[in-house]
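In UniProt numbering, the protein residues as written are 1 to 334.
So, in structure tokens, the structure goes:
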């Protein structure tokens, strides 16, 4: 990592067993946090529904245009085609994206002290004991925007059943704008959850129940594009209450919140559907361990025996299939 960044002062190796010296902070990434597990939203989950959102935007405007034509003049065959394509623009991407597998979050299981991640249907995991993370910051230079800081917080996971197959997983979401101090605070939030307990305050001190700091972090993490567009409308109302005039930025955000509302709503529909399907998509070995009364054995402890059992089940299914084919061969006429 140092060779890649070129500056050792911008790299920090973080340990799960050691205090990083920073206050915990996890803005915009926390999806769920309870006594059993903590889940982080991935960058792919933020983009889920983008095609449906574009369909709602184009289809919604097309439908409004058709309604104006219908109310103001005679409707021609071209106008009916406009309505037809507007409906298709909404329905087709909605059906396609809601039928696809959801984007699963990164899960930190506090009960079993391990981490889970699903990569295209393949389960990867790591135990918390002895874990290390690399946090680093670098500058991305562009001829139009100039130099912009980027950063990433990464850990190594191994594939369930194939421990030699490993991946580097980023916990920090999008890299743009990430500073090293922010990345360290993110790690400290996860570390406090796994070591101190499910609830803690802004200084990392353990608390007996959920508190305003955790509630605020959860609210920020669950904020969708639709929530963002709705909040943009408050700027104009706030400036009117202050009585110092209305800025162009407030007007721009207010207008944009209505113009892009169909797109935000389309993305919200898909992402809500994803959240409802999330838990059902995890393999059974993960689902049972996320249950309050589930087993406390780690995946690394059952990996070998689990694979042996799966192999026996596959062999049994193959044997039954061969027996069925043999019976069919004997009973069918030649």
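Even for Gly, the Cβ is constructed at its ideal location relative to N, Cα and C.
All of these numbers come straight from a predicted model, not from anything done at the bench.
Query                                                                                                             : Result
Contact under 9 angstroms by Cβ, residue 179 with residue 153                                                     : no
Rounded distance between the beta-carbons of residue 114 and residue 14, thought under 8 angstroms                : Going by Cβ atoms, the distance from residue 14 to residue 114 rounds to 17 angstroms, so no, they are not a contact pair.
Within 9 angstroms, strictly: CB atoms of residue 63 and residue 88                                               : no
Beta strand (DSSP E) segments (min. 3 residues) lying fully within the segment 31-70                              : 37-40
Residue 291, buried or exposed, once every other Cβ within 10 Å from all chains shown has been counted against 16 : exposed
Residue burial classification, residue 53 (beta-carbon count within 10 angstroms, cutoff 16)                      : buried
Residue 175 vs residue 105 beta-carbon contact at 9 angstroms                                                     : no
DSSP state of residue 260 mapped onto helix, strand, coil                                                         : coil
Assumed close pair residue 16, residue 194 - CB separation to whole angstroms, cut-off 8 angstroms                : 7 angstroms
9 angstroms Cβ cutoff met for residue 189 and residue 30                                                          : yes
Residue 244 versus residue 237 - alpha carbon distance                                                            : 12 angstroms
Backbone CA spacing between residue 293 and residue 284 [nearest angstrom]                                        : 14 angstroms
Extent of the continuous beta strand (DSSP E) to which residue 221 belongs                                        : No beta strand (DSSP E) contains residue 221, which is instead part of the alpha helix (DSSP H) from 212-221.
Euclidean distance between Cα positions of residue 139 and residue 69                                             : 52 angstroms
Start and end residues, beta strand (DSSP E) containing residue 15                                                : 11-15
Backbone CA spacing between residue 316 and residue 92 [nearest angstrom]                                         : 41 angstroms
Span separating the alpha-carbon of residue 282 from that of residue 199                                          : 25 angstroms
Beta-carbon proximity list for residue 147, same chain, < 8 angstroms, skipping 5 on both sides                   : 139, 140, 141
Cα-Cα separation between residue 55 and residue 247, rounded to whole angstroms                                   : 32 angstroms
Simplified DSSP state of residue 325, which is helix, strand or coil                                              : helix
Proximity to residue 151 [Cα-Cα], best of 186, 90, 160                                                            : 186
Alpha-carbon spacing of residue 202 relative to residue 181, whole angstroms                                      : 15 angstroms
Cutoff 9 angstroms: residue 244 Cβ touching any chain B Cβ                                                        : The structure shown contains no chain B, having only a single protein chain.
Reference residue 107; option with closest CA among 94, 126, 121                                                  : 126
Span of the alpha helix (DSSP H), counted from its first residue to its last, around residue 202                  : Taken as a continuous stretch (DSSP letters only), residue 202 belongs to no alpha helix (DSSP H), as it is neither H nor E.
Three or more C-beta pairs below 8 angstroms linking the segment 254-274 and the segment 32-39                    : no
DSSP state of residue 83 mapped onto helix, strand, coil                                                          : helix
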